[in-house]
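The opening position of the sequence shown corresponds to residue 0 in numbering that gives the first Met the number 0, with each subsequent residue numbered one higher.
Below is one structure, written out as structure tokens; the observations come after it.
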Amino acid sequence: MTAQLSSGTAACPGCIATPAEPARPVPEDVQIALSLPGIHCSACISNVERELNAHPGVEDARVNLTLKRAMVKAAPDIRAVDLIPVLEHAGYEAHELDPGALSATQSDKAGRDLLMRLAVAGFASMNVMLLSVSVWSGATDATRDMFHWISAAIALPAIAFSAQPFFANAWSALRVRRLNMDVPIVLAILLALVTSLWETALSGKHAYFDAALTLTFFLLAGRYLDYRTRAAARSAAEELTALEVPRAIRMVNGVEEEVSVSNLVVGDLILVRPGGRMPVDGEIVSGKSELDRSLLTGETLPVFAEAGLAVSAGEVNLTGPLTIRTTAVGEDTSLHRMADLVAIAESGRSRYTSLADKAAKLYAPGVHILSALSFLGWYIYSGDIRTALNIAAAVLIITCPCALGLAVPAVTTAASGRLFRKGMLIKHTTALERLAEVDTVVFDKTGTLTSGAPELTNLGDHSRTNLEVASALAEASSHPLSVSLAKSARDAGIKPARVEAVVEVPGYGTEGTYHGKRVRLGRAGWTGGAEGDQTAAWLAIADQAPVSFLFSDALRPGAAEAVRAFRDAGKDVILISGDTRGAVQSLAKKLGIDTWISEALPHDKAARVQDLSEQGRHVLMVGDGLNDTAALAAAHVSISPASALDAARVASDIVLLGNDLSPIADACDTAVKATKRIRENFRIATVYNIIAVPLAVAGLATPLIAALAMSTSSITVSLNALRLR
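Below you can see the structure in the form of structure tokens.
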């Protein structure tokens with residue numbers, strides 16, 4: 000079925016998941032990659048793997064729940080197009096992805112690596128602490144030296160392994176002649192080890208291996224907390240690239256041949272079958288159908304396609320075969336240009352400087368200078384290099400930015416936990432800091448402020464006969480309006496009439512015979528209906544006047560509350576959509592949004608966000624479609640619903656897990672409070688240093704006392720962060 004459309008709108012996001020053109024047989028050493036956006040639990044994994052492994056020719060199938068993908072090893076004659084119907088029959092949406100393009104998106108091992116280093120540091124620290132207890136209890140001479148050497152044997156390899164992240168980051172900074180937070184950390188650890196080895200070699204009374212290990216453990220704990228606040232970091236540009244169709248059917252003298260898209264040139268004729276995604280930009284030469292254009296517009300209803308219409312790579316052909324004359328291929332296609340926009344925007348956002356980085360620029364040089372002056376002053380005063388070295392080590396340890404290192408991740412973890420309980424997942428390290436600075440909020444329309452699914456609004460205006468006939472015609476089509484109409488009829492207890500010879504006419508609608516009379520359901524021009532501003536499907540029964548079934552896109556729960564909360568907080572709210580002027584204006588008026596833009600393409604959205612940023616605005620972008628991806632990446636901070644497509648979720652900093660939008664405004668309040676806590680933590684660390692540093696410089700604090708004081712400041716910072724929960 001087709002229907003009257005308000006403008007160039009597109010099909011449901013699920014249509015994007017339709018497979019590309021029939022694929023070539025997969026070699027034995029090549030896996031088939033399938034995206035499974037609908038899976039969410041272990042039962043889904045079991046069901047998908049069972050269905051795939053039961054299919055003849057499939058040798059092995061494994062599902063990754065985090066990436067929502069299945070990797071299938073199959074016989075040479077098995078193709079993705081053979082497996083997708085198997086999963087759809089089991090109730091799972093699936094579409095083919097290019098394994099080569101996804102190679103860079105595999106789950107990284109950083110979290111497990113940090114956790115392992117943290118465990119090693121903690122275990123070694125506990126053992127060295129036990130040995131230190133014996134020394135503190137009065138062990139002397141040979142016994143004390145033996146415990147010190149055992150401590151050294153434990154501490155040196157443990158720190159060499161556990162502190163590698165700090166060593167690597169410090170070296171990277173020093174190599175380009177700059178300082179970061181890890182430079183004083185590494186100096187403190189190394190100086191504590193050198194001092195301890197010196198004391199041990201000279202049979203000294205004190206060694207500080209436990210201080211070095213405790214310092215490493217606390218800093219790794221902060222680093223791991225920081226990591227846990229983020230989801231797996233994948234590039235949205237890579238996700239967009241993965242949607243590019245790898246193969247196409249080229250028409251040469253009326254003969255079909257399957258070729259790689261890289262072999263196509265401008266002017267080639269391409270056949271795109273129903274369900275296929277456009278591999279290139281081009282112009283329709285022949286055929287009539289409907290197109291899912293949500294890559295460009297984000298809208299959920301199809302647009303009528305016929306000869307002369309320009310099409311773009313990534314759009315989905317829905318109902319009839321189309322012959323396309325190529326106008327752009329490869330890097331020149333609109334989909335690839337969109338990926339470039341996203342990549343540029345991502346690189347720009349990565350230049351944001353966090354509060355911790357800003358503090359490090361001031362803190363690190365001061366620590367180094369103070370420690371060096373302490374060493375020099377005490378060496379001149381006492382003439383004893385051991386005393387000078389001990390005091391310099393104590394200064395470095397007591398001023399070590401452990402509290403500063405925990406200031407941000409401790410607060411971020413507490414805030415992330417609070418937001419997670421309200422249905423929001425923080426993905427990016429600095430997202431909360433950036434969210435606290437927001438003064439302008441840009442919303443997408445379809446799928447974000449609205450549900451993205453058309454709903455029948457005038458069911459009660461029609462006779463039972465009309466409803467029964469319309470239901471019968473709608474049941475024969477997968478068009479979004481047909482699906483909505485058929486569902487509404489079923490929910491109302493309407494049984495489809497006996498309509499015979501029902502066929503779908505690509506680009507127009509469905510027709511059949513009812514009691515010997517021709518009946519049609521579809522576009523206004525095809526059924527004899529009148530064009531209007533509202534989305535509608537028209538029913539024509541023989542010579543009777545056509546009647547319209549009207550549809551609207553329902554508001555997402557919490558949309559009105561979120562917009563009102565932002566406006567009450569003094570933030571500017573803007574609506575940008577690819578939908579028509581009338582639809583966007585109507586929604587903006589309904590929600591009280593004064594500034595709105597309609598019929599916006601992806602680069603229009605990204606350009607608008609960029610313009611606002613250049614004006615000094617801090618923009619929060621909320622969107623869900625591939626057409627929003629560039630704008631999401633370009634914004635100061637971005638949010639996507641969990642129902643958003645993969646690339647949009649990847650490009651965003653925060654994912655809204657539920658269907659309700661109201662937590663978004665609360666997230667901004669939480670971000671402001673979190674930033675306040677971070678600044679408080681910096682002040683706590685500063686006050687601690689003002690009190691502790693003079694004691695260390697005066698020689699009143701040994702490296703061990705300095706380590707205990709440093710631990711106390713770290714615990715204080717962590718407790719302050721917990722006030723957010």
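The beta-carbon is built from N, C-alpha and C at its ideal position, and this holds for glycine as well.
- When the Cα atoms are used, what is the spatial distance from Gly-511 to Arg-463? Taking the sequence shown and counting its residues from 1, one reaches residue 511 at position 512. Taking the sequence shown and counting its residues from 1, one reaches residue 463 at position 464. Roughly 18 Å separates the two Cα atoms.
- Task: For Val-437, name the three-state secondary structure that DSSP assigns.
- Result: One-based indexing of the sequence shown puts residue 437 at position 438. Val-437 sits in coil when the DSSP states are folded into three classes, being neither helix nor strand.
- Item | Three-way DSSP call (helix, strand, coil) for Ser-150 in this model | Translated into the one-based positions of the sequence shown, residue 150 becomes position 151. Reduced to three states, the DSSP call for Ser-150 is helix.
- Message: By the three-class DSSP mapping on this structure, what secondary structure does Arg-616 have?
- Response: Counted from its first residue, the sequence shown places residue 616 at position 617. Of the three classes helix, strand and coil, the one that applies to Arg-616 here is coil, per DSSP.
- Message: Am I right that Arg-417 and Thr-674 are in contact with their C-beta atoms under 8 Å? What's the rounded C-beta distance?
- Response: By 1-based counting over the sequence shown, the position of residue 417 is 418. By 1-based counting over the sequence shown, the position of residue 674 is 675. No, Arg-417 and Thr-674 are not in contact; Cβ-Cβ is about 14 Å, not under 8 Å.
- Message: Just to confirm, is the Cβ distance from Thr-439 to Val-686 under 8 Å?
- Response: As a working note, residue 439 is residue 440 in the sequence shown. As a working note, residue 686 is residue 687 in the sequence shown. Their beta carbons are not under 8 Å apart, which means Thr-439 does not touch Val-686 by this criterion.
- Extent of the continuous alpha helix (DSSP H) run through Ala-187: Along the sequence shown, one-based indexing puts residue 187 at 188. For Ala-187, the enclosing alpha helix (DSSP H) has its first and last residue at 181-200.
- Message: What would DSSP say about Asn-63, mapped onto helix, strand or coil?
- Response: Here residue 63 refers to the residue found at position 64 when the sequence shown is read from its first residue. Correct three-state label for Asn-63: strand.
- Query: Going by DSSP, what residues sit across from Ala-536 in a beta bridge?
  - Reply: For the purposes of this step, residue 536 is taken as the residue at position 537 of the sequence shown. According to DSSP, Ala-536 bridges with Phe-548.
- Task: Indicate the three-state DSSP secondary structure (helix, strand or coil) for Arg-176 in the structure shown.
- Result: Numbered from its first residue, the sequence shown carries residue 176 at position 177. Looking at Arg-176 - three-state DSSP - the assignment turns out to be coil, as it is neither helix nor strand.
- Task: In angstroms with no decimal places, state the Cα-to-Cα distance between Ala-633 and Ser-651.
- Result: The sequence position of residue 633 within the sequence shown is 634, counting from 1. The sequence position of residue 651 within the sequence shown is 652, counting from 1. Going from the Cα of Ala-633 to the Cα of Ser-651 covers about 10 Å.
- Message: With DSSP as the reference, identify every bridge partner of Trp-170, one or two as the case may be.
- Response: To locate residue 170, count along the sequence shown from 1; it is residue 171. Partner(s): none; Trp-170 has no beta bridge.
- Task: May I ask which residues mark the beginning and end of the beta strand (DSSP E) holding Ile-575?
- Result: Translated into the one-based positions of the sequence shown, residue 575 becomes position 576. Start and end: 571-575.
- Query: Buried or exposed: which applies to His-514, given that a residue is buried once 16 or more other Cβ atoms fall within 10 Å of its Cβ?
  - Reply: To locate residue 514, count along the sequence shown from 1; it is residue 515. By the neighbour-count rule (16 or more Cβ atoms within 10 Å), His-514 is not buried but exposed.
- Message: Does the CB of Trp-377 have a neighbour CB from chain B at under 8 Å?
- Response: Protein chain content of the structure displayed is limited to a single chain, and chain B is not contained in it.
- Task: Run the CB neighbour count on Ser-712, radius 10 Å, all protein chains shown included, and call it buried at 16 or more, exposed below.
- Result: Position 713 of the sequence shown, counting from 1, holds the residue named residue 712. Ser-712 counts as buried, since at least 16 other C-beta atoms from the protein chains shown sit within 10 angstroms of its C-beta.
- Taking C-beta to C-beta, are Leu-290 and Val-302 nearer than 8 Å? Numbered from 1 along the sequence shown, position 291 holds the residue referred to as residue 290. Numbered from 1 along the sequence shown, position 303 holds the residue referred to as residue 302. The criterion of a C-beta distance shorter than 8 Å is satisfied by Leu-290 and Val-302.
- Using a Cβ-Cβ cut-off of 7 Å (strictly less than) and excluding sequence neighbours within five positions of Trp-525, which residues of its own chain qualify? To locate residue 525, count along the sequence shown from 1; it is residue 526. A distance below 7 Å between beta-carbons, with the five flanking residues on each side excluded, links Trp-525 to the following residues of its chain, in chain order: Tyr-507, Gly-508, Arg-519.
- Query: Would DSSP call Asn-316 helix, strand or coil?
  - Reply: As a first step, residue 316 must be located in the sequence shown, where it is residue number 317. Of the three classes helix, strand and coil, the one that applies to Asn-316 here is strand, per DSSP.
- Query: Excluding sequence positions up to five away, which residues of its chain have a Cβ less than 6 Å from the Cβ of Val-62?
  - Reply: Numbered from 1 along the sequence shown, position 63 holds the residue referred to as residue 62. Result list for Val-62: Ile-44, Val-47, Glu-48, Ala-69, in chain order.
- Just the C-alpha distance for Val-193 and Ile-184, rounded to the nearest angstrom, thanks. In the sequence shown, counting from the first residue as 1, residue 193 sits at position 194. In the sequence shown, counting from the first residue as 1, residue 184 sits at position 185. Cα atoms of Val-193 and Ile-184: separation of roughly 14 Å, rounded to the nearest angstrom.
- Residue range of the beta strand (DSSP E) that Tyr-513 falls in? Within the sequence shown, numbered from 1, the residue matching residue 513 stands at position 514. Segment 508-513, the beta strand (DSSP E) holding Tyr-513.
- Cβ-Cβ separation, Ala-605 to Ala-587 (assumed contact under 8 Å), whole Å: Numbered from its first residue, the sequence shown carries residue 587 at position 588. Numbered from its first residue, the sequence shown carries residue 605 at position 606. Wrong, their Cβ atoms sit about 20 Å apart, outside the cutoff.
- Query: alpha helix (DSSP H) containing Asp-81: first to last residue?
  - Reply: For the purposes of this step, residue 81 is taken as residue 82 along the sequence shown, with counting starting at 1. 79-88 is the span of the alpha helix (DSSP H), which, as asked, contains Asp-81.
- Look at the alpha carbon of Ile-573 and the alpha carbon of Ala-210, and state the distance between them as a whole number of angstroms. Your numbering for residue 573 matches position 574 in the sequence shown. Your numbering for residue 210 matches position 211 in the sequence shown. So the two alpha carbons sit approximately 54 Å from each other.
- Since Ile-149 contacts Ile-188 with CB under 8 Å, what's their CB separation in whole angstroms? If you number the sequence shown from 1, residue 149 lands on position 150. If you number the sequence shown from 1, residue 188 lands on position 189. Incorrect: roughly 19 Å between the Cβ atoms, too far for contact.
- Query: What is the rounded straight-line gap between the Cα of Leu-268 and the Cα of Arg-324?
  - Reply: In the sequence shown, the residue the question calls residue 268 occupies position 269. In the sequence shown, the residue the question calls residue 324 occupies position 325. Their Cα atoms are separated by approximately 5 Å.
- Going by the beta-carbon positions, is the gap between Leu-538 and Ser-487 smaller than 8 Å? Numbered from 1 along the sequence shown, position 539 holds the residue referred to as residue 538. Numbered from 1 along the sequence shown, position 488 holds the residue referred to as residue 487. No, Cβ-Cβ distance for Leu-538 and Ser-487 is not below 8 Å.
- Message: Under 8 Å: do the segment 419-431 and the segment 588-600 share three or more Cβ pairs, one atom per stretch?
- Response: The segment 419-431 makes no contact with the segment 588-600: fewer than 3 CB pairs, one atom from each, lie closer than 8 Å.
- Message: Strictly by DSSP, which residues pair up with Asp-280?
- Response: For the purposes of this step, residue 280 is identified with residue 281 of the sequence shown, where counting begins at 1. DSSP output for Asp-280 lists Ala-327 as bridge partner(s).
- Message: Taking the beta strand (DSSP E) that Leu-520 belongs to, which residues open and close that run?
- Response: Position 521 of the sequence shown holds residue 520. Residues 516-521.
- Which parts of the segment 670-701 are runs of the alpha helix (DSSP H), unbroken and 4 residues or longer, counting only runs that do not cross its ends? You should have found no qualifying run.
- Query: Rounded to the nearest angstrom, how far is the Cβ of Thr-447 from that of Asp-623, given a contact under 8 Å?
  - Reply: As a working mapping, residue 447 is identified with position 448 in the sequence shown. As a working mapping, residue 623 is identified with position 624 in the sequence shown. With 8 Å as the limit, Thr-447 and Asp-623 qualify as a contact, their Cβ atoms being about 5 Å apart.
- Where do the ends of the beta strand (DSSP E) carrying Thr-628 lie? In the sequence shown, the residue the question calls residue 628 occupies position 629. Element bounds for Thr-628: not the beta strand (DSSP E) but the alpha helix (DSSP H), 628-633.
- Considering Gly-581, what are the terminal residues of the beta strand (DSSP E) in which it resides? Locating residue 581 in the sequence shown gives position 582, counting from the first residue. Counting along the chain, Gly-581 falls outside any beta strand (DSSP E), though it belongs to the alpha helix (DSSP H) covering 580-590.
- Which stretch, first to last residue, makes up the alpha helix (DSSP H) that contains Thr-464? As a first step, residue 464 is located in the sequence shown; it is residue number 465 there, counting from the start. Per DSSP, Thr-464 belongs to the alpha helix (DSSP H) from 463-474.
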